[in-house]
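For reference, the structure is listed below as structure tokens.
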Amino acid sequence: MTEHELQCIYDANTKVLSGSDLVNKANRTLMYGVTIDRDVFHTYLFCGEIFTVIERKDGDLLLRNVESNYQFVPDKRAFPGGCDYEFCRLLRSSDVWITFSDFDEREAMNNARSGKEYIGPILAEHHLLLACGGSLPQNASSGKADADYNLSDVGDEENFVVELG
15 MTEHELQCIY
25 DANTKVLSGS
35 DLVNKANRTL
45 MYGVTIDRDV
55 FHTYLFCGEI
65 FTVIERKDGD
75 LLLRNVESNY
85 QFVPDKRAFP
95 GGCDYEFCRL
105 LRSSDVWITF
115 SDFDEREAMN
125 NARSGKEYIG
135 PILAEHHLLL
145 ACGGSLPQNA
155 SSGKADADYN
165 LSDVGDEENF
175 VVELG
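Count the sequence shown with the numbering used here and you get residues 15 to 179, in order.
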């Protein structure tokens, strides 16, 4: 079997999760972890849409164009105290394996007590919309391409650099 054939088996009959699959529609962190390059990995729900970003050590924030459910999960480990139970259950039911670090009770309690929607980095435009009480444009949640929020028409690349500031 080739690597491509293996990927076809993984992807067979698996719908990529979307915000509409979640019962709890509140803005929040869904998956928080670290990559093998020790970059911060954050999948989050914002205005009903799921976004995955990677914050590199140099400060660049990469927006991942997710085409398969396994791309919602960091390639090194996820921190269970920073992950959403409902989202993780949906991933597991889609045959996506999540490698978790050891459970840290203190971390989980701190995250729960902080009252923050997000415990990881989010896109700058989402910070602005949260600050002014705004939301995504109507066509972003309807699936129509919007250059500011939907990068599916950019190309085949997995990650995109988002300039901040």
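Idealized CB from N, CA, C, for every residue including glycine.
As the structure is a prediction and not an experimental result, all values here were calculated from the model.
{"Asked": "8 Å contact criterion, which R91 and F114 should meet: CB distance rounded", "Found": "6 Å"}
{"Asked": "For L75, the three-state DSSP class (helix, strand or coil)", "Found": "strand"}
{"Asked": "Short Cβ contact (8 Å threshold) for I136 with V67", "Found": "yes"}
{"Asked": "In DSSP terms, what A92 is bridged to", "Found": "G47, F114"}
{"Asked": "Where I23 falls, given that 16 or more other Cβ within 10 Å makes a residue buried", "Found": "exposed"}
{"Asked": "Distance CB(G95)-CB(E63) smaller than 8 Å", "Found": "no"}
{"Asked": "Rounded straight-line distance, which links the Cα of E17 to that of A145", "Found": "44 Å"}
{"Asked": "Distance, I112 Cα to F93 Cα", "Found": "10 Å"}
{"Asked": "Spatial distance of C102 from F65 (CA atoms)", "Found": "15 Å"}
{"Asked": "Environment of Y99 [buried if 16+ CB atoms lie within 10 Å]", "Found": "exposed"}
{"Asked": "For T57: DSSP bridge partner residues", "Found": "M45, T66"}
{"Asked": "Boundaries of the alpha helix (DSSP H) in which S128 is found, first to last residue", "Found": "119-128"}
{"Asked": "Counted within 10 angstroms of its Cβ, other Cβ atoms place V37 as buried (16 or more) or exposed", "Found": "exposed"}
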